[in-house]
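Its first residue numbered 10, the sequence shown is counted upward by one per residue in the working numbering. Heads up, the beta-carbon is just placed ideally off N, CA and C, and yes, glycines get one too. Input: a single structure, listed below in C-alpha cells.
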Amino acid sequence: MKAHREGKPVQVRCYSGYKADERPVSFLLADGERRTVENVIDQWHGEDHTYFKVLADDHMVYLLRHDRGLDEWALVTKQARIGTQ
Numbered sequence: 010m011k012a013h014r015e016g017k018p019v020q021v022r023c024y025s026g027y028k029a030d031e032r033p034v035s036f037l038l039a040d041g042e043r044r045t046v047e048n049v050i051d052q053w054h055g056e057d058h059t060y061f062k063v064l065a066d067d068h069m070v071y072l073l074r075h076d077r078g079l080d081e082w083a084l085v086t087k088q089a090r091i092g093t094q
C-alpha cells in the first residue's frame, strides 16, 4: 500500500450516480470498524483531490480525501460532532 502524504489509508464504498465515486456511503477504519455516512456536511475540490466532510453513524465527523488520479482514499481527521461533548 502506498504511503499517503496526508491521512491514513481507508477503504470507502461510494454512491456512483452521474459519475463514479460521487460521494462516500460507508468506510472501513483501520481497526476493522465500518462506518455508515449519514450526511455529507461539505465537499470541496483540490488540485488532485476531492475532500468530503461527513457525519457518520457513530456521531463523529470525519474528513475523507479521495486522490482522483490514484483512486485512493485517506482518513484525514476525526472529530466530535459540533455541539456535542
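Can you tell me the Cβ-Cβ gap for residue i and residue j, rounded? I've got them flagged as a contact below 8 Å.
{"i": "R43", "j": "M69", "result": "Contact flag wrong, Cβ pair sits at about 13 Å."}
{"i": "D30", "j": "E47", "result": "In fact, because the Cβ distance is near 19 Å, the residues do not count as touching under 8 Å."}
Please determine, among the options, the residue with the shortest C-alpha to C-alpha distance to residue i.
{"i": "L45", "options": "E56, W53 and R32", "result": "Residue 45 is actually Thr in this sequence, not Leu. For the residues E56, W53 and R32, the minimum Cα distance to T45 belongs to R32."}
{"i": "R74", "options": "F36, D30, F61 and I50", "result": "F61"}
{"i": "R22", "options": "V63, F36 and G16", "result": "F36"}
{"i": "D40", "options": "N48, Q20, G78 and E47", "result": "Q20"}
{"i": "L72", "options": "V49, K28, G26 and E56", "result": "V49"}
Residue i by DSSP, collapsed to three states: which one?
{"i": "D51", "result": "strand"}
{"i": "K28", "result": "coil"}
{"i": "H68", "result": "coil"}
{"i": "D80", "result": "coil"}
How big is the Cα-Cα spacing for residue i and residue j?
{"i": "Y24", "j": "V34", "result": "6 Å"}
{"i": "V63", "j": "A83", "result": "13 Å"}
{"i": "K17", "j": "T86", "result": "9 Å"}
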